[in-house]
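Novice:
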Amino acid sequence: MKNESNAYLTFALGEERFAIPVDLVQEVVEPGQVTKVPNAPDYMLGIINLRGRVLPLLDTRLKLGLPATERTQRSRIMVLDIQTGDDKSLQIGAMVDIAREVVEINDNEIQDAPEFENLKTAAPITGIVNNHGDITMIMDITKVFAVNEVVQLNTSLN
Amino acid sequence: MKKTILVVDDFASIRNFVCETLQRKGYDTVGAANGNEAYQLLSDTPGVDLVLTDYNMPDCTGFELLKKIKANPSVAKVPVIFLTTEGSPEKMRTAKEAGLTAWVKKPYRAETFFAQIDNAITNG
Amino acid sequence: MDSNQKRFVEDALDLLNELDEGLLQLEANPHASAPLEQVFRTMHTIKGGANMFGFEHIGMLAHHLESLYDFIRQGKAQVNDELISITLKSFDRVRDLLKEKDATNANNSAALSEYIQLAIDLLNRNEGEASRNGTSNTASKIKKDELATFFIRVTPTINITADGQHPLVFIIQDLEALGTAKTFFYKNGNDKIAHWDIFISTTTAQTEIESYFIFVENECQVSYTKLLAFDLFGLEEFKQFIEQFNEIPAKIEPLKALVEKLAVSCIQKNEDDLDGSSRTNKKKSINDTYIKVSKRKIDDLLNWISELIILQSQLMNVSTEVNAAELTDVTEQMEMVTNRLRDTSLEIGLVPIETLVTKFKRLVRDLSKTLNKKVNFISEGADTEMDKDVIELMAEPMIHIIRNCIDHGIEKPEDRKALGKSEHGTVKLTAFNTSSFVNIVISDDGKGIHKENVLKKAIEKGLVAPDAQLTEEEILNLIFHPGLSTASQISDVSGRGVGMDVVQQKIKDLRGYVSIKSIPGNGTSIHIKLPLSRSIIEGLLVKVDETRYVVPLNMVDRIDRIAYENLDRGNRVNKTVIVNEETLSVFSLRQKFHNDTVAPKTTDIISVTVNGIKKGIAVDRIEGKMQTVMKPLGEAYQLQDFIAGSSILGDGSLALVLDPSRLFLLSDN
């Protein structure tokens, strides 16, 4: 994954800290009213109105096989713009526990990802940053929300 | 001083609508449902400044009303405007020759309508 | 509806009763003049009011019928049963529309189109008879004159300023509204108007244009020059010329020279335009003037109108809360204007499917030659209008269907002869509107689909279990399955069954439906049904638990409130319920989707007709009728296809727009 600016948005899912290239993130908003669409998988939380745009809202934790996000004061929606084809992209809202801040991470700070035993998920981790034992995992979020995967999961439910 | 307009139309909702529109523009209005009624009103009520009438009406049409008004010297000076969906050039020509001041086609454009009324009242 | 419209509706309903009486009297005494005059006058009054208060379709219907009765008044036609019954039926329909809760529905273009067409047909026939009988053709006043471009110079003989209030200023504006126009005015030294120069291309006849000035002829002189019987505004050269017209102080000679030059190319162009297109198109191009607008501008316009509709509903909410008479008034008027704007803007993007038909004619001719078959192609309803984008998206799938008709459907001439059929096969395209759908039926009179072969192949390919019991419809629907082709030989034309699945997908993407019928030996017909508008719908807003749904209004037949326990009896999810003494198969949104909260005491049953069958949708409560812009849910929710989209409500929350047909598929499975 190429990230020319080296800027990453960090966010938390439970105790774990993750980072994704900031280029993929259009904005971070506080959750408002969510309208549930019936007959959809649990991780598809529903749709939201983002200033006149209708976006699907997905629960990142559920999608990764973790227990569902509990909505708190610190819950945030990352509005992502994921490329799905040559000139097609999918806009989604991804619910996370805390969206923290934008940080600069140089390529040489990123280490290869070891096998994670503790994280019971299929999260695609491309690398980690170890800042004195404070670990941030770089996630390939386009894989998490790849449209064919979303649709496939959706199919298996039906 | 407020000008008074006699509005003649057999269709009550149009008559009321036109009256209300004119009242909002600062005119006083009197309504009549056909030519005979209008002519009676005009003869009895002094101070009508303009007659605004439909063309096709039962009993006495707008054209018959126009002829009656123009034939009676005491009211002949009151300008008459037709407000109608009718629009045949021949009828318009005949009406003009009978002394009609203006012909406004329904549905009308508000600006044209008011300009015609204003002009008719001011210049006869 | 504003208060004036409401009053009009009341008055009009009274008039309709008078009209009925008059018509019945006239029917009994076809030669009596009193009832004839009454009928004529009443219709005239209805027409005037309808046009005045924004019921244009009623106005149009009344206008055509009035013209028919005017014929009779002039002794050029006779009262007959057909005329009386068409008139009665037409105004019955008008009465029904006006009695609806929102009488402005009468302005849906489909609401009266059938009757308007009947009246026009009758009028055309009468007109034909009148001219055959040698009587002077008075019907010409309802026939629009041909499109022409005029140059009109208006020279006031009194002092007028351009921003003044003299009627002449407004008459010129009214005149401009008759077509495409460009006006220049020239001032005297003292800021008074010297003259106006107006270029206008219009279908209005010169005599009618002249009539605009009858009542101001003492105040101005008007000269008319008919430049050409053509819309010169369609020509770049002309537009450039008039752009500079006021710079070369208004010389008429160079203008005439240019027009002469352009005339030659225009006539050529005109012929090209008309070549190969049907009569209806010709009629249209004569009655209308056209301007070319970029697609992007139209899309922008439509987007803004969508936003406007959302804001309008927000305004409506605020106005209801504030509850101030003045605000309510303005809001209601705004709503009317917004609705009109929406309807007009929707029509902007619509074009007749004519262009497709031309394409298909060519395809049929070429293909039948390649395949040594004899095929006629006929079309009906080519003036049916559709969204331009949809036409483009549908071209490919329809071509595919027509190919199949010729390749697999129509037999070789010798086979047809042997079967006792005409050597020429026929492929027919029929297009028509029903409520908010455009219907396209493509049919052939070929050999039909061999159902046993389809089934055999499907079993061979493992698409269907060998012992499966399929209905005829299910078997026919197998041809939409990817990778199934019944052609015993692969031909260059139709390929290998790649396609019918794509055809179906494309139609589904457009929220449309496709169904197929086939009779062995008689042919096949494929019926495509597409929604007229892709984004704006009218619906019932309903609530189930905390979720709001929208049920498209065009499918709703009636609404009943019943006790919830009636629905709950037996605790089955999908069952029949007796509603209004009828047994209805009901889909309960609560029981299917929101079963985890406490049910209310009553439930509202919305009766809808789905594929000709009456069904019910049970909701907690109906909140009202609304017009809304539908936004797609996007790819992520493509499997929840019983939700056609979502729409933003006045308070910013979202409602889910249901697709009832697909909703019931859910319960069938």
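Residue numbers (my numbering), protein chains in the order written: chain A, 573 to 730; chain B, 5 to 128; chain C, 314 to 982.
For every residue, glycine included, the Cβ atom is placed at its ideal position computed from N, Cα and C.
The model shown is predicted, which means the values in this text are computed figures rather than measured ones.
Tell me the DSSP secondary structure of B:T89 in three-state form.
Specialist: Walking along the second sequence from the start, residue 89 of chain B turns up at place 85. If DSSP states are grouped into helix, strand and coil, B:T89 belongs with coil.
Novice: Distance, Cα to Cα, C:A416 vs C:N317?
Specialist: Residue numbering aside, residue 416 of chain C sits at position 103 when the third sequence is read from its first letter. Residue numbering aside, residue 317 of chain C sits at position 4 when the third sequence is read from its first letter. Taken atom to atom, the span from the alpha-carbon of C:A416 to that of C:N317 is near 12 Å.
Novice: Considering Cα atoms alone, identify which of A:V716, A:R643, A:P696 and A:T607 is closest to A:V668.
Specialist: Indexing the first sequence from 1 puts residue 668 of chain A at position 96. Out of A:V716, A:R643, A:P696 and A:T607, A:R643 has the C-alpha closest to the C-alpha of A:V668.
Novice: C:A424 to C:K360, Cα distance in whole Å?
Specialist: Your numbering for residue 424 of chain C matches position 111 in the third sequence. Your numbering for residue 360 of chain C matches position 47 in the third sequence. Cα to Cα, C:A424 sits roughly 16 Å from C:K360.
Novice: Threshold first: 4 residues or longer. Then list the alpha helix (DSSP H) segments lying entirely within the region 455–516 of chain C, N to C.
Specialist: 480–489
Novice: Just grab the DSSP bridge partners of C:F750 for me.
Specialist: As a first step, residue 750 of chain C must be located in the third sequence, where it is residue number 437. Bridge partners of C:F750: C:T747 and C:P844.
Novice: Considering only DSSP beta bridges, list what C:D735 is partnered with.
Specialist: Here residue 735 of chain C refers to the residue found at position 422 of the third sequence. Here the sequence assigns Ser to residue 735 of chain C, which means Asp is not the residue at that position. Under DSSP, C:S735 takes part in no beta bridge, so it has no partner.
Novice: Name the chain A residues whose beta carbon is nearer than 8 Å to that of C:S966?
Specialist: For the purposes of this step, residue 966 of chain C is taken as the residue at position 653 of the third sequence. Under the 8 Å cutoff, chain A gives Q605, T607 and N621.
Novice: Any contact between the region 751–759 of chain C and the region 708–720 of chain C? By contact I mean 3 or more CB pairs, one from each, below 8 Å.
Specialist: yes
Novice: Helix, strand or coil: which one does DSSP assign to C:M711?
Specialist: Here residue 711 of chain C refers to the residue found at position 398 of the third sequence. In the structure shown, C:M711 sits in a helix (DSSP, three-state: H, G or I).
Novice: With burial defined as no fewer than 16 other Cβ atoms inside 10 Å of the residue's Cβ, what is the status of C:G492: buried or exposed?
Specialist: Numbered from 1 along the third sequence, position 179 holds the residue referred to as residue 492 of chain C. Note on C:G492: 16 or more other CB atoms within 10 angstroms of its CB, so buried under the neighbour-count rule.
Novice: Considering only residues of the same chain and omitting the five flanking positions on each side of C:N967, which have a CB-CB separation below 8 Å?
Specialist: The residue labelled residue 967 of chain C in the question sits at position 654 within the third sequence. The sequence as given places Leu at residue 967 of chain C; Asn does not occur at that position. R861, S959, S960 and I961, listed in sequence order.
Novice: Quick one, which residues of the region 841–861 of chain C are near chain A if we go by CB-CB under 7 Å, in chain order?
Specialist: T860
Novice: Can you give me, in chain order, the residues of the region 353–370 of chain C that have a beta carbon less than 7 Å from any beta carbon in chain B?
Specialist: Listed by position along the chain: R354, H357, T358, K360, G361, G362, N364 and M365.
Novice: What does C:G947 reach in chain A if we use C-beta pairs closer than 9 Å?
Specialist: Here residue 947 of chain C refers to the residue found at position 634 of the third sequence. Going along chain A in sequence order, the residues near C:G947 (Cβ under 9 Å) are I619, V626, L627, P628, L662, Q663 and I664.
Novice: Just mark B:S78 as buried or exposed, buried being the case when its beta carbon has 16 or more other beta carbons within 10 Å.
Specialist: As a working mapping, residue 78 of chain B is identified with position 74 in the second sequence. By the Cβ-count criterion, B:S78 is exposed, with fewer than 16 other Cβ atoms from all chains shown falling within 10 Å of its own Cβ.
Novice: If we count Cβ pairs, one from each stretch, closer than 8 Å, do we get three or more for the region 482–496 of chain C versus the region 107–116 of chain B?
Specialist: yes
Novice: At least one CB of chain A closer than 7 Å to the CB of C:N887: is that the case?
Specialist: Taking the third sequence and counting its residues from 1, one reaches residue 887 of chain C at position 574. Summary for C:N887: the model assigns pLDDT 49, below 50, so the residue's position carries little reliability, and this model does not support an answer.
Novice: Given that C:I956 touches chain A, what residues does it touch there, using C-beta distances under 7 Å?
Specialist: Translated into the one-based positions of the third sequence, residue 956 of chain C becomes position 643. Within 7 Å Cβ-Cβ: V609.
Novice: Are the region 503–520 of chain C and the region 322–341 of chain C in contact at 8 Å, needing three or more beta carbon pairs?
Specialist: no
Novice: Can a CB atom of chain B be found closer than 7 Å to the CB of C:F404?
Specialist: The count along the third sequence starts at 1 and reaches residue 404 of chain C at position 91. Closer than 7 Å: no.
Novice: For C:L969, return the contacting residues in chain A, with the cut-off set at a CB-CB distance below 7 Å.
Specialist: Numbered from its first residue, the third sequence carries residue 969 of chain C at position 656. The contacting residues are T607 and V609.
Novice: With a threshold of 7 Å between beta carbons, is C:I599 in contact with chain B?
Specialist: Residue mapping note: residue 599 of chain C aligns to position 286 of the third sequence, counting from 1. With a pLDDT of 40 at C:I599, under the threshold of 50, the modelled position of that residue is not reliable, and no figure is offered here.
Novice: What is the DSSP secondary structure of B:G51, reduced to helix, strand or coil?
Specialist: Translated into the one-based positions of the second sequence, residue 51 of chain B becomes position 47. DSSP, reduced to helix, strand and coil, places B:G51 outside both helices and strands of the structure shown, so it counts as coil.
Novice: Round the Cβ separation of C:V855 and C:R975 to the nearest angstrom and send it over; I've been treating them as touching at under 8 Å.
Specialist: As a working mapping, residue 855 of chain C is identified with position 542 in the third sequence. As a working mapping, residue 975 of chain C is identified with position 662 in the third sequence. So it is not a contact: roughly 17 Å between Cβ atoms.
Novice: Which residues in chain C sit within 9 Å of B:K7, going by Cβ to Cβ distance?
Specialist: For the purposes of this step, residue 7 of chain B is identified with residue 3 of the second sequence, where counting begins at 1. Near B:K7 there are no residues of chain C at all, since even the closest Cβ is about 15 Å away, more than 9 Å.
Novice: My understanding is that C:A931 touches C:V899, with C-beta atoms under 8 Å, so please give their C-beta distance in whole angstroms.
Specialist: Position 618 of the third sequence, counted from the start, is the residue given in the question as residue 931 of chain C. Position 586 of the third sequence, counted from the start, is the residue given in the question as residue 899 of chain C. About 5 Å separates the two Cβ atoms, so the contact holds.
Novice: Just the Cα atoms here: how many angstroms apart are A:L596 and A:M711?
Specialist: Numbered from 1 along the first sequence, position 24 holds the residue referred to as residue 596 of chain A. Numbered from 1 along the first sequence, position 139 holds the residue referred to as residue 711 of chain A. If you take the alpha carbons of A:L596 and A:M711, they lie about 12 Å apart.
Novice: Check the DSSP bridge columns for C:T941 and list the partner residues they point to.
Specialist: One-based indexing of the third sequence puts residue 941 of chain C at position 628. DSSP, once it has assigned bridges, lists C:I850 as partnering C:T941.
Novice: Which runs of the alpha helix (DSSP H) spanning at least 4 residues fall entirely within the region 627–676 of chain C, listed in chain order?
Specialist: 638–661
Novice: Tell me, which residues are paired with C:I956 by DSSP?
Specialist: By 1-based counting over the third sequence, the position of residue 956 of chain C is 643. DSSP links C:I956 through a beta bridge to C:L971.
Novice: Going by beta carbon distance, what residues of the same chain come within less than 6 Å of C:V816, once the five residues before and after it are set aside?
Specialist: Residue numbering aside, residue 816 of chain C sits at position 503 when the third sequence is read from its first letter. Closer than 6 Å at Cβ, skipping near neighbours: P710 and H713.
Novice: Of the residues C:A375, C:L435 and C:L410, which one's Cα is nearest the Cα of C:D394?
Specialist: For the purposes of this step, residue 394 of chain C is taken as residue 81 along the third sequence, with counting starting at 1. Among C:A375, C:L435 and C:L410, the Cα nearest to that of C:D394 belongs to C:L435.
Novice: Starting from C:I301, find everything on chain A with Cβ-Cβ shorter than 7 Å and list it in chain order.
Specialist: Any property of residue 301 of chain C remains undetermined from this structure, which presents chain C solely from 314 to 982.
Novice: Report all residues from its chain with a CB closer than 8 Å to the CB of C:D873; omit the five preceding and five following residues, and keep chain order.
Specialist: Residue 873 of chain C sits at position 560 when you count from the first residue of the third sequence. The answer, listed in chain order, is V892, N893, D917, I918 and S920.
Novice: To the nearest angstrom, how far is it from the Cα of B:V52 to the Cα of B:N60?
Specialist: As a first step, residue 52 of chain B must be located in the second sequence, where it is residue number 48. As a first step, residue 60 of chain B must be located in the second sequence, where it is residue number 56. Each residue's alpha carbon lies about 22 Å from the other.
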